[in-house]
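Student: Handing you this structure, nothing more for now.
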Amino acid sequence: MILEICVDGPEGLLAAHEGGADRVELCSALALGGLTPSPALLTMASRLDMPAVAMIRPRAGDFVWTGAETAFMEHEIETMQSLGALGVVLGASLPDGRLDESTLRRLLAGVDEGREAVLHRAFDLTPDKFAALELAIDMGFDRILTSGGEPGAPDGLDLLAQLVERARGRIAIMPGAGITADNAGRVLAALPVDTLHAGCSRAVPQPEQAVALGFTGPERPETDAAQVRALRAAMAAG
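No gaps in the numbering here: position 9 of the sequence shown is 1462 in this note's numbering, and each next residue is one more.
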(Lines of atoms letter the chains of each structure in order from A and count residues from 1; the text may use other names and numbers.)
(Lines give C-alpha, C1' and ligand atoms only; values in the text may rest on other atoms or scores of the structure.)
Protein backbone atom coordinates (compact mmCIF):
# COMPACT_ATOMS: atom_id res chain seq x y z
CA MET A 1 0.00 0.00 0.00
CA ILE A 2 1.20 3.47 -0.92
CA LEU A 3 0.53 6.43 1.35
CA GLU A 4 0.74 9.82 -0.37
CA ILE A 5 0.78 12.92 1.83
CA CYS A 6 0.22 16.43 0.54
CA VAL A 7 2.59 19.00 2.04
CA ASP A 8 3.18 22.69 1.44
CA GLY A 9 6.51 23.51 3.02
CA PRO A 10 9.77 22.20 4.45
CA GLU A 11 8.36 21.32 7.87
CA GLY A 12 5.49 19.42 6.28
CA LEU A 13 7.87 17.54 4.02
CA LEU A 14 10.03 16.55 6.99
CA ALA A 15 6.93 15.44 8.93
CA ALA A 16 5.71 13.29 6.03
CA HIS A 17 9.16 11.74 5.71
CA GLU A 18 9.43 11.11 9.45
CA GLY A 19 5.93 9.62 9.60
CA GLY A 20 6.62 7.06 6.89
CA ALA A 21 4.92 8.46 3.78
CA ASP A 22 5.76 6.61 0.58
CA ARG A 23 5.24 9.62 -1.65
CA VAL A 24 4.42 13.29 -1.28
CA GLU A 25 2.35 15.68 -3.31
CA LEU A 26 4.19 18.98 -3.13
CA CYS A 27 2.12 22.15 -3.01
CA SER A 28 2.20 25.61 -1.59
CA ALA A 29 -0.65 27.24 0.35
CA LEU A 30 -2.65 24.19 1.41
CA ALA A 31 -4.99 26.60 3.20
CA LEU A 32 -6.04 27.68 -0.32
CA GLY A 33 -6.42 24.12 -1.54
CA GLY A 34 -2.84 23.78 -2.75
CA LEU A 35 -0.94 25.80 -5.34
CA THR A 36 2.23 25.13 -7.34
CA PRO A 37 5.13 24.54 -4.92
CA SER A 38 8.43 26.35 -4.64
CA PRO A 39 11.12 24.69 -6.77
CA ALA A 40 13.23 24.59 -3.60
CA LEU A 41 10.71 22.22 -2.00
CA LEU A 42 11.16 19.76 -4.85
CA THR A 43 14.93 20.00 -4.46
CA MET A 44 14.53 19.26 -0.76
CA ALA A 45 12.39 16.20 -1.51
CA SER A 46 15.06 14.93 -3.88
CA ARG A 47 17.71 15.30 -1.18
CA LEU A 48 15.51 13.29 1.19
CA ASP A 49 15.13 10.65 -1.54
CA MET A 50 11.35 11.11 -1.22
CA PRO A 51 9.31 10.40 -4.38
CA ALA A 52 7.33 13.54 -5.17
CA VAL A 53 4.67 14.73 -7.56
CA ALA A 54 4.09 18.46 -7.95
CA MET A 55 0.81 20.34 -8.01
CA ILE A 56 0.39 22.58 -11.05
CA ARG A 57 -2.04 25.32 -10.05
CA PRO A 58 -1.01 28.96 -10.48
CA ARG A 59 -3.73 30.57 -8.36
CA ALA A 60 -6.50 29.90 -5.88
CA GLY A 61 -10.14 29.66 -6.91
CA ASP A 62 -11.70 27.62 -9.67
CA PHE A 63 -9.96 25.52 -12.32
CA VAL A 64 -11.15 27.53 -15.33
CA TRP A 65 -7.88 28.73 -16.82
CA THR A 66 -7.22 31.61 -19.21
CA GLY A 67 -4.81 31.28 -22.11
CA ALA A 68 -2.16 33.16 -20.15
CA GLU A 69 -2.62 30.87 -17.14
CA THR A 70 -2.40 27.78 -19.31
CA ALA A 71 0.86 28.99 -20.86
CA PHE A 72 2.20 29.67 -17.38
CA MET A 73 1.23 26.16 -16.26
CA GLU A 74 3.10 24.71 -19.23
CA HIS A 75 6.22 26.47 -17.95
CA GLU A 76 5.55 25.19 -14.42
CA ILE A 77 5.33 21.62 -15.71
CA GLU A 78 8.66 22.04 -17.48
CA THR A 79 10.25 23.48 -14.33
CA MET A 80 8.99 20.76 -12.00
CA GLN A 81 10.13 18.02 -14.36
CA SER A 82 13.58 19.58 -14.73
CA LEU A 83 13.94 19.36 -10.94
CA GLY A 84 13.12 15.66 -10.86
CA ALA A 85 9.40 15.50 -10.11
CA LEU A 86 8.03 11.97 -10.45
CA GLY A 87 4.98 13.52 -12.03
CA VAL A 88 2.57 16.44 -12.03
CA VAL A 89 -0.92 16.92 -10.62
CA LEU A 90 -3.26 19.08 -12.66
CA GLY A 91 -6.81 19.73 -13.74
CA ALA A 92 -8.88 22.12 -15.82
CA SER A 93 -12.61 22.79 -15.87
CA LEU A 94 -15.12 24.34 -18.21
CA PRO A 95 -17.52 26.83 -16.59
CA ASP A 96 -20.17 24.08 -16.32
CA GLY A 97 -17.81 21.78 -14.41
CA ARG A 98 -16.95 19.39 -17.22
CA LEU A 99 -13.29 18.70 -17.84
CA ASP A 100 -11.68 21.18 -20.23
CA GLU A 101 -10.37 18.66 -22.74
CA SER A 102 -8.59 21.20 -24.94
CA THR A 103 -6.63 22.74 -22.07
CA LEU A 104 -5.86 19.39 -20.50
CA ARG A 105 -4.53 17.92 -23.74
CA ARG A 106 -2.35 21.00 -24.17
CA LEU A 107 -0.92 20.60 -20.66
CA LEU A 108 -0.47 16.85 -20.97
CA ALA A 109 1.54 17.34 -24.14
CA GLY A 110 4.23 18.84 -21.93
CA VAL A 111 4.43 15.88 -19.55
CA ASP A 112 7.56 13.89 -20.33
CA GLU A 113 7.36 10.20 -21.14
CA GLY A 114 7.89 8.23 -17.96
CA ARG A 115 6.44 10.96 -15.71
CA GLU A 116 3.08 10.48 -14.02
CA ALA A 117 0.10 12.62 -14.93
CA VAL A 118 -2.45 12.90 -12.13
CA LEU A 119 -5.91 14.44 -12.53
CA HIS A 120 -6.76 16.32 -9.35
CA ARG A 121 -10.13 16.96 -7.74
CA ALA A 122 -11.37 19.07 -10.61
CA PHE A 123 -12.73 15.61 -11.39
CA ASP A 124 -15.08 15.91 -8.41
CA LEU A 125 -16.71 18.98 -9.96
CA THR A 126 -17.77 17.14 -13.10
CA PRO A 127 -21.51 16.55 -13.56
CA ASP A 128 -20.95 13.07 -15.06
CA LYS A 129 -18.15 11.24 -13.24
CA PHE A 130 -18.23 8.22 -15.54
CA ALA A 131 -17.91 10.35 -18.67
CA ALA A 132 -15.06 12.23 -17.00
CA LEU A 133 -13.40 8.92 -16.13
CA GLU A 134 -13.48 7.78 -19.75
CA LEU A 135 -12.14 11.13 -20.94
CA ALA A 136 -9.30 11.02 -18.40
CA ILE A 137 -8.36 7.56 -19.65
CA ASP A 138 -8.50 8.67 -23.28
CA MET A 139 -6.28 11.68 -22.55
CA GLY A 140 -3.64 9.49 -20.94
CA PHE A 141 -3.83 10.29 -17.24
CA ASP A 142 -2.22 7.70 -14.97
CA ARG A 143 -4.24 8.40 -11.85
CA ILE A 144 -7.29 10.31 -10.60
CA LEU A 145 -7.38 11.87 -7.14
CA THR A 146 -11.02 11.91 -6.06
CA SER A 147 -13.28 11.93 -3.04
CA GLY A 148 -16.11 10.40 -5.03
CA GLY A 149 -17.71 13.80 -5.46
CA GLU A 150 -18.16 14.33 -1.72
CA PRO A 151 -16.34 16.65 0.72
CA GLY A 152 -14.48 13.60 2.03
CA ALA A 153 -13.68 10.20 0.53
CA PRO A 154 -15.27 8.26 3.43
CA ASP A 155 -18.60 9.82 2.37
CA GLY A 156 -18.10 8.96 -1.30
CA LEU A 157 -17.38 5.24 -1.02
CA ASP A 158 -20.32 4.10 -3.15
CA LEU A 159 -19.28 6.17 -6.16
CA LEU A 160 -15.60 5.46 -5.55
CA ALA A 161 -16.30 1.73 -5.67
CA GLN A 162 -18.09 2.16 -9.00
CA LEU A 163 -15.21 4.23 -10.37
CA VAL A 164 -12.65 1.64 -9.28
CA GLU A 165 -14.69 -1.12 -10.92
CA ARG A 166 -15.02 0.76 -14.21
CA ALA A 167 -11.40 1.93 -14.19
CA ARG A 168 -9.67 -1.29 -13.23
CA GLY A 169 -6.67 -1.99 -15.45
CA ARG A 170 -6.94 1.30 -17.34
CA ILE A 171 -6.29 4.05 -14.77
CA ALA A 172 -5.69 4.19 -11.01
CA ILE A 173 -8.28 5.69 -8.68
CA MET A 174 -6.69 7.31 -5.63
CA PRO A 175 -9.14 8.14 -2.81
CA GLY A 176 -8.33 11.39 -1.08
CA ALA A 177 -9.81 14.04 1.26
CA GLY A 178 -10.82 13.37 4.83
CA ILE A 179 -8.89 10.11 5.19
CA THR A 180 -7.49 9.48 8.67
CA ALA A 181 -6.22 6.62 10.78
CA ASP A 182 -9.73 6.29 12.20
CA ASN A 183 -11.47 5.67 8.86
CA ALA A 184 -8.72 4.21 6.65
CA GLY A 185 -9.75 0.65 7.50
CA ARG A 186 -13.31 1.32 6.36
CA VAL A 187 -12.09 2.94 3.15
CA LEU A 188 -9.77 0.04 2.33
CA ALA A 189 -12.42 -2.54 3.18
CA ALA A 190 -14.76 -0.92 0.65
CA LEU A 191 -12.26 -0.23 -2.12
CA PRO A 192 -9.69 -2.47 -3.84
CA VAL A 193 -7.09 0.30 -4.19
CA ASP A 194 -3.37 0.35 -3.54
CA THR A 195 -2.91 4.05 -2.70
CA LEU A 196 -4.46 6.53 -0.28
CA HIS A 197 -3.95 10.30 -0.34
CA ALA A 198 -4.20 12.33 2.86
CA GLY A 199 -3.22 15.60 4.49
CA CYS A 200 -2.63 14.37 8.05
CA SER A 201 -2.57 17.97 9.22
CA ARG A 202 -3.37 19.70 12.47
CA ALA A 203 -4.73 23.22 12.81
CA VAL A 204 -2.15 25.67 14.14
CA PRO A 205 -3.63 28.84 15.70
CA GLN A 206 -2.23 32.06 14.28
CA PRO A 207 -1.34 35.29 16.14
CA GLU A 208 -4.30 37.60 16.65
CA GLN A 209 -2.55 40.63 15.18
CA ALA A 210 -1.56 38.73 12.04
CA VAL A 211 -5.19 37.66 11.64
CA ALA A 212 -6.46 41.20 12.31
CA LEU A 213 -4.17 42.63 9.64
CA GLY A 214 -5.33 40.07 7.10
CA PHE A 215 -2.04 38.20 6.76
CA THR A 216 -3.62 34.87 7.64
CA GLY A 217 -6.77 33.13 8.76
CA PRO A 218 -7.27 32.13 12.40
CA GLU A 219 -5.54 28.79 11.76
CA ARG A 220 -3.22 27.20 9.23
CA PRO A 221 -2.81 23.49 8.44
CA GLU A 222 0.49 21.84 9.37
CA THR A 223 1.43 18.26 8.50
CA ASP A 224 1.66 16.15 11.66
CA ALA A 225 4.19 13.29 11.68
CA ALA A 226 2.21 11.47 14.38
CA GLN A 227 -0.92 11.45 12.21
CA VAL A 228 1.08 10.24 9.21
CA ARG A 229 2.55 7.45 11.33
CA ALA A 230 -0.89 6.47 12.67
CA LEU A 231 -2.39 6.36 9.18
CA ARG A 232 0.53 4.30 7.92
CA ALA A 233 -0.10 1.81 10.76
CA ALA A 234 -3.85 1.71 10.08
CA MET A 235 -3.19 0.94 6.42
CA ALA A 236 -0.82 -1.87 7.35
CA ALA A 237 -3.46 -3.32 9.65
CA GLY A 238 -5.94 -3.34 6.79
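Ideal Cβ placement from N, Cα and C applies to all residues, glycine included.
1) Tell me the DSSP bridge mates of Ala1570?
2) Run through the DSSP bridge pairs and tell me what Ser1481 is partnered with.
3) Measuring CB atoms only, is the segment 1576-1587 touching the segment 1601-1621, in the sense that at least three cross pairs come out at less than 8 Å?
4) From this set, Arg1500, Met1503, Thr1523, which residue's C-alpha is nearest Pro1511's C-alpha?
5) Can you list, in chain order, the residues of its chain with a C-beta nearer than 8 Å to that of Ala1620? Leave out the 5 residues immediately preceding and following it.
6) Under the assumption that Ala1545 contacts Ala1575 (Cβ atoms under 8 Å), give the Cβ distance between them as a whole number of angstroms.
7) Rounded to whole angstroms, what is the Cα-Cα separation between Ala1686 and Ala1651?
8) Do Ala1675 and Gln1659 have their C-beta atoms within less than 8 Å of each other?
9) Taking the DSSP output, what are the residues bridged to Ala1505?
10) Going by DSSP, which residues form a beta bridge with Leu1673?
Tutor: Taking the geometry as given:
1) DSSP lists Val1541 as partners of Ala1570.
2) DSSP, once it has assigned bridges, lists Leu1488 as partnering Ser1481.
3) yes
4) Thr1523
5) Leu1586, Ile1590, Ile1597, Ile1626
6) 6 Å
7) 14 Å
8) The amino acid at residue 1675 is misidentified as Ala; the sequence shows Glu. Between Glu1675 and Gln1659, the gap from beta carbon to beta carbon reaches 8 Å or more.
9) Paired residue(s): Val1477.
10) According to the sequence shown, residue 1673 is Arg rather than Leu. Answer is Val1657.
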